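One structure is given here, and the rest of the page talks about it.
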Amino acid sequence: ERREQRELRHVLVHIREVAGVEAVAVFHCARISRLLECTPARAGRGGSEKECSAVAEYWYDSHDGLRLFSRVYSGPAADAPVVLCLHGLMRNSRDFGDLATHLAARYRVIAPDIRGRGFSDRDRNFNNYRIPVYLEDVGTLLAGLGVTSVSIVGTSMGGLMAMVLAATEPALVARIVLNDVGPEVDPAGLARIRGYAGKTAPVKSWAEATAQVRALYGAAWPGLPDSRWEEIVRLSYRANAAGLLEVDADPLISEPLKDWKAVAPDLWPLWKSLGAPILAIRGATSDILSVSTLERMKREKPDLRTLTAANRGHTPLLDEPECLAAIDEFLAAGA
C-alpha cells in the first residue's frame, strides 16, 4: 500500500506540472492530495474509527453539534502511552504527520483538527473560536477514545491549550512540549499574525500558493528546499468549490484576534502551578516567544527543559533532528 501511495504521489506531481493554472485540474490535484493522506469518509453519528494504514480516522460530535475529526496513530500496543498533538491557530493536524509517524513507534498519537480547520466542521459562530471551547472539544475527543492520561505536544495556540488543560485537569496531563509559545505572547508576533490570519486570498495554482506561504514563513524557515515548501503547501491548502486553492481553515478564526487578551491571555499566574514536566522549544528568531519570556519561565520553573532551534522562527517544524532528539528524550523520561 505504501508503494502504491508513493507511485500515486509521483503521478500527482506530474499532473500538477502539466495542469498549470487550470482551475479544474487544480481542483482534482487537491482532491487526490487529500485522498493520498487517507481522506476520511464521513462516519455516522457517534465516534468511529476507520483504519487507513497505521492511521485511524476518528469522527466525533461536539457538545454544540459540530462534526469534528482527529487522526489516531495506533502505536505499538493498545495500552501504549498517549501523545496528544495540538496544532497552531491557522494550521491543522497534518502538520504533525512526520512527528506522529516517528512517535508512533512508541506511543499512541492523537492529532485532532481543531474546529474550523482541516476536516472538522466550521463554526457559524466565530465567538466559539476560543481556547475554552477548543478544550471542551478535546475533552470530548479523549473521553470518546477512553484516554485518561496524555503527554501533549502543543504548537503555538496548541501550547496555550496545553498549559490551560494542565492547570484545569492536572491528573490528565503527564508531560508538555511547548513549541514556540509560553505564558506570555510577544505583542509584535501577535500583531504579525493578526495581519495575515484569515486574509490570505484564494489562488489558482500551487505555484501561487507556494509563493504565499514563502512570503508568510520564509523568514521563519530559511534554507528549506523547494520540495519541503511544496509539502508544507499541500498540508496547508485545499480546493474550494470554485476550484481555487485556499488555506484549510475558516477565515473567521481571525475574528477573535481583535480581542487581544482573549487570544493571548496572561498565563503567568498559572505557570508556577503547573505540575507536569515541561520541555519548551523556541525558534532562535521567534517573535512570539521572546528570550526574556523564556528566561523568566526558567526562573519561575527551575525544572523546565529548554531547546533553541537554530535557523527557525515561529515555529520550529519539529522535524529538525535536534527537536526530534529532545522530544524523544523528554517523553521517554515519563514513559
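Convert by adding 966 to the 1-based position in the sequence shown; the result is the number in our numbering. Heads up, the beta-carbon is just placed ideally off N, CA and C, and yes, glycines get one too. These numbers were taken from a predicted model, which means no experiment stands behind them.
- The DSSP-derived three-state label of residue 1071 is coil.
- Excluding five sequence positions before and after residue 1092, the CB atoms of its chain that fall closer than 6 Å to its own CB belong to 1218 and 1221, given in chain order.
- In the three-state reduction of the DSSP assignment, residue 1026 falls in the strand class, which pools E and B.
- Just so you know, the alpha carbons of residue 1232 and residue 1149 end up roughly 6 Å apart.
- Between residue 1048 and residue 1076, the CB-CB gap stays under 9 Å.
- Exclusion of the five residues before and after residue 1056 leaves 1163, 1213, 1215 and 1219 as the residues of its chain whose Cβ lies within less than 7 Å of its Cβ.
- For residue 1176, the closest C-alpha among the options 1186, 1192, 1240 and 1256 is that of 1192.
- Taking all protein chains in view, the Cβ of residue 1257 is surrounded by fewer than 16 other Cβ atoms within 10 Å, so the residue is classified as exposed.
- By the criterion of a C-beta distance shorter than 8 Å, residue 1081 is surrounded in its chain by 1028, 1032, 1034, 1087, 1088, 1089, 1094, 1095, 1099, 1100 and 1103, once the five residues flanking it on both sides are discounted.
- Taking residue 1154 as the centre and dropping the five residues before and after it, the same chain places the C-beta of 1253 closer than 6 Å to its C-beta, in chain order.
- Residues of the same chain with their beta carbon placed closer than 7 Å to that of residue 1167 are lacking, with the five preceding and five following residues left out of the count.
- For the alpha helix (DSSP H) assignment, the uninterrupted runs of no fewer than 4 residues enclosed by the segment 1180 to 1262 are, from N- to C-terminal side, 1192 to 1202, 1226 to 1229 and 1234 to 1237.
- With a cut-off of 8 Å on Cβ pairs, the segment 1172 to 1188 is not in contact with the segment 1126 to 1135, counting fewer than three such pairs.
- For residue 1293, the enclosing alpha helix (DSSP H) has its first and last residue at 1287 to 1298.
- By the CB criterion at 9 Å, residue 1159 and residue 1223 fall inside the cutoff.
- Shortest Cα-Cα distance from residue 1242 to any of 1265, 1262, 1250 and 1271 involves 1271.
- Its Cα nearest to that of residue 1114, the residue 1135 stands out among 1068, 1135 and 1197.
- Leaving aside the five residues that flank residue 1282 on each side, the residues in its chain whose CB is nearer than 7 Å to its CB run, in chain order, 1145, 1146, 1247, 1249, 1275 and 1289.
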